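Protein chains in written order, with my numbering: chain A, 616 to 647; chain B, 26 to 542.
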C-alpha cells in the first residue's frame, strides 16, 4: 500500500470512529 | 389502543443501525470503493454522506416522530400530516410500504442462504469445494440450478422457512419485545464478530510465500490507494451517492416507522447521527477490512478484481479464503453469522411498515398484523425462490431498492423542506434534541439535498432505468426471462394498486369517524 493509501485509510477511520465515539458518548450521557 | 414505544434510547438507535447495516456494508462497499478510485472514492463518499445521507437521516427521524404524534407509523399518514391540504399526497406515501415489502420478498431468501452457509461452514459441507468453479457450482446447486451438490432446492427451502419464521416471530413480538430485544444483543455480537474477522485478516501476512506480492498490505492498497483521475468521472460521484443511499436505509420508509414509536420530546438529531455513525463504522472500518484484503492476500489482485457481484465475493471467494485458515470452519461460521445478523436486523425493519399500517389503519393487533403480513409475503417470496434463475430477484431489486428508494427520498425531502416549511421543520428537528445541528444544514436540507436527489433521479433514469424498464438487456441476453419479468411487473403493479386501495379505504374510515377535516 502506498503512503497515500495509508493516509486515506487512517484518516477515514479516524473521522468515522471519532464521530461514532462522540455520538455514543453524548447518547449515553443524555438524560432522556 | 395505546401506541407502542421503544424501551430505551439506545434500543431505537440499535434498531435503526441494525436496519442500515446489511449485506451491502460488508460486500457492496469494498468492491465499489476499490473500483472507483480507492482512497479517492472516500472524497465523494464523505461529500454524499454530508449532503445526502445525514440530511435524509434527520428528515426521516423527524417526519417519523412527527407523524407518530398523530397516530401514524407509516408514510401515507405521515405525508398527510405534513401536507394536510393535498389529498393525493397520501398515495405517494404508499411507496413507503410497497418498497419495503418488495425488498423483504427477496431479501429474506438471500438472508436464508446465509443461515444455510453458517450451518455448512460448521459442518464442513462446502469444504470439498477448493476452487472458484466448484464453490460456484455449490451455490448454483443450493439454489436448485443443478444436482451436483444438492438433489433439489429442498435444503434451501428449509433454511428459507426457518429464516422466514424467525422474521415473523420477531416482528410479532412488537417493537420492544421483538425488534428491540433482537437488535440489543445482535448488534454487539455483529460488531464483535466483525472485529474478530478484521484481526484475523490483518494477521494473515503473506499466506503463500511463493507469491510474496499477494499479502494483506497489497489487499488494503487495492482498496485504499487513491486514484485521483477517477474523481473527474461523474459516474464515481453517482456511485458514491448511491452507496450512501443504500447503506443508510434512507428512502425506504423504515426509519419513518421506527421513529414513529418515539415520544414527542425524544431526541432525533443525536440519535440520527449516532445510528449513521454506527453504520459507517460497520461499513468503512469493518466492511473495508475483511473481504477485499483477504481475497487479495490469497488470490492476488487479478483474480480478486474479477469478482463480478457481491454474491461472488460473499458466497464464493470468502468461504474459499476462510477454509484455507486453521479453524477455517469457525471463521466461516463467524463470517456467515455476521452477515445473517446484518440481514435479519434489516429484514425485520422492512416488515414493520406494512405491519404498522395494518395496526394503525385497520385496528389489527400486532400478532394479527404479523400473521396477515406473513401469509401475503410468504406467497410473494415463492416468486423469488422459484424465479431466481429467471432474473426475478434482479427485477424486484430494481423496483424496490432503486426506483422506490430515490423517488421516495426525493418526495419526502421536498415535502419536509418546502411543503412543511423549513422553519417548522427546523424547530421540529430540534425539539428535544441533545445536539444542535449546524445552521448550514437549513440551507443543505432545503436546497442542496433535493437538488442532489433530482440529479441522481435524472442520471439514473437516463442511464439505467429506461434500458431496464424497456428490458433492453434481457431481450438481447436472456429472452427466456422476459415473460417472468413481465409477470413480476404485473404482480408489483397489482400489489401497489391494492395498497393504494387500502389507503383509500382507511381514509374513508377515518373520515367517517370524524378524524379528518
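For glycine and all other residues, C-beta sits at the position ideal for the given N, C-alpha and C. Predicted model only: the values in this text are computed from it and were never measured.
From the DSSP output, in three-state form, read off residue i for me.
{"i": "residue 324 of chain B", "result": "helix"}
{"i": "residue 475 of chain B", "result": "helix"}
{"i": "residue 129 of chain B", "result": "helix"}
{"i": "residue 544 of chain B", "result": "Since the first residue shown for chain B is 26 and the last is 542, residue 544 of chain B is missing from the structure and cannot be characterised."}
{"i": "residue 151 of chain B", "result": "coil"}
{"i": "residue 31 of chain B", "result": "coil"}
{"i": "residue 463 of chain B", "result": "coil"}
{"i": "residue 258 of chain B", "result": "coil"}
{"i": "residue 233 of chain B", "result": "coil"}
{"i": "residue 435 of chain B", "result": "helix"}
{"i": "residue 419 of chain B", "result": "helix"}
{"i": "residue 392 of chain B", "result": "helix"}
{"i": "residue 343 of chain B", "result": "helix"}
{"i": "residue 493 of chain B", "result": "helix"}
{"i": "residue 448 of chain B", "result": "helix"}
{"i": "residue 168 of chain B", "result": "coil"}
{"i": "residue 288 of chain B", "result": "coil"}
{"i": "residue 182 of chain B", "result": "helix"}
{"i": "residue 469 of chain B", "result": "helix"}
{"i": "residue 225 of chain B", "result": "helix"}
{"i": "residue 276 of chain B", "result": "coil"}
{"i": "residue 99 of chain B", "result": "coil"}
Can you list, in chain order, the residues of its chain whose CB lies under 6 Å from that of residue i, leaving out five sequence neighbours each side?
{"i": "residue 80 of chain B", "result": "469, 470 and 474"}
{"i": "residue 374 of chain B", "result": "44 and 279"}
{"i": "residue 137 of chain B", "result": "184, 185 and 188"}
{"i": "residue 541 of chain B", "result": "535"}
{"i": "residue 290 of chain B", "result": "457"}
{"i": "residue 53 of chain B", "result": "335"}
Kindly list the residues whose CB is nearer than 7 Å to the CB of residue i, restricted to its own chain and excluding five residues on each side of it in sequence; keep chain order.
{"i": "residue 173 of chain B", "result": "162 and 166"}
{"i": "residue 346 of chain B", "result": "319, 320 and 323"}
{"i": "residue 104 of chain B", "result": "114, 115, 117, 118 and 440"}
{"i": "residue 451 of chain B", "result": "467"}
{"i": "residue 233 of chain B", "result": "239"}
{"i": "residue 348 of chain B", "result": "152 and 357"}
{"i": "residue 258 of chain B", "result": "none"}
Taking 8 Å as the limit between beta carbons, can you name the residues of its chain near residue i, skipping five residues before and five after?
{"i": "residue 108 of chain B", "result": "114, 440, 444 and 445"}
{"i": "residue 427 of chain B", "result": "485, 489 and 490"}
{"i": "residue 159 of chain B", "result": "153"}
{"i": "residue 393 of chain B", "result": "383"}
{"i": "residue 516 of chain B", "result": "405 and 408"}
{"i": "residue 286 of chain B", "result": "28, 29, 30, 31, 37, 93, 98 and 200"}
{"i": "residue 211 of chain B", "result": "43, 366, 369 and 370"}
{"i": "residue 507 of chain B", "result": "496, 499 and 500"}
Less than 8 Å between the beta carbons of residue i and residue j, yes or no?
{"i": "residue 522 of chain B", "j": "residue 510 of chain B", "result": "no"}
{"i": "residue 636 of chain A", "j": "residue 298 of chain B", "result": "no"}
{"i": "residue 77 of chain B", "j": "residue 277 of chain B", "result": "no"}
{"i": "residue 264 of chain B", "j": "residue 93 of chain B", "result": "no"}
{"i": "residue 318 of chain B", "j": "residue 226 of chain B", "result": "yes"}
{"i": "residue 124 of chain B", "j": "residue 99 of chain B", "result": "no"}
{"i": "residue 295 of chain B", "j": "residue 458 of chain B", "result": "yes"}
{"i": "residue 253 of chain B", "j": "residue 620 of chain A", "result": "no"}
{"i": "residue 180 of chain B", "j": "residue 141 of chain B", "result": "yes"}
{"i": "residue 170 of chain B", "j": "residue 334 of chain B", "result": "no"}
{"i": "residue 379 of chain B", "j": "residue 398 of chain B", "result": "yes"}
{"i": "residue 315 of chain B", "j": "residue 222 of chain B", "result": "yes"}
{"i": "residue 50 of chain B", "j": "residue 308 of chain B", "result": "yes"}
{"i": "residue 437 of chain B", "j": "residue 88 of chain B", "result": "yes"}
{"i": "residue 139 of chain B", "j": "residue 368 of chain B", "result": "yes"}
{"i": "residue 164 of chain B", "j": "residue 418 of chain B", "result": "no"}
{"i": "residue 65 of chain B", "j": "residue 255 of chain B", "result": "yes"}
{"i": "residue 282 of chain B", "j": "residue 192 of chain B", "result": "no"}
{"i": "residue 261 of chain B", "j": "residue 62 of chain B", "result": "yes"}
{"i": "residue 454 of chain B", "j": "residue 462 of chain B", "result": "yes"}
{"i": "residue 143 of chain B", "j": "residue 362 of chain B", "result": "yes"}
{"i": "residue 513 of chain B", "j": "residue 421 of chain B", "result": "yes"}
{"i": "residue 196 of chain B", "j": "residue 204 of chain B", "result": "yes"}
{"i": "residue 481 of chain B", "j": "residue 266 of chain B", "result": "yes"}
Could you run through the segment 73-99 of chain B and flag, in chain order, every residue whose CB is less than 7 Å away from some CB of chain A? none
Could you please tell me which residues of the segment 619-634 of chain A, in chain order, have their CB closer than 7 Å to any CB of chain B? 619, 620, 623, 624, 627, 628, 631, 632 and 634
Within 8 Å of chain A by C-beta, residues of the segment 297-308 of chain B in sequence order: 298, 299, 302, 303, 305 and 306
Which residues, taken in chain order from the segment 31-57 of chain B, show a beta carbon closer than 8 Å to some beta carbon of chain A? 34, 35 and 38
Check distances from the C-beta atoms of the segment 443-463 of chain B to those of chain A and list, in chain order, the residues that come in under 9 Å. 457, 459 and 460
For the segment 200-217 of chain B, enumerate the residues whose C-beta is nearer than 8 Å to any C-beta of chain A, in chain order. none
According to a CB-to-CB cut-off of less than 8 Å, which residues of the segment 222-246 of chain B neighbour chain A? 242, 243, 245 and 246
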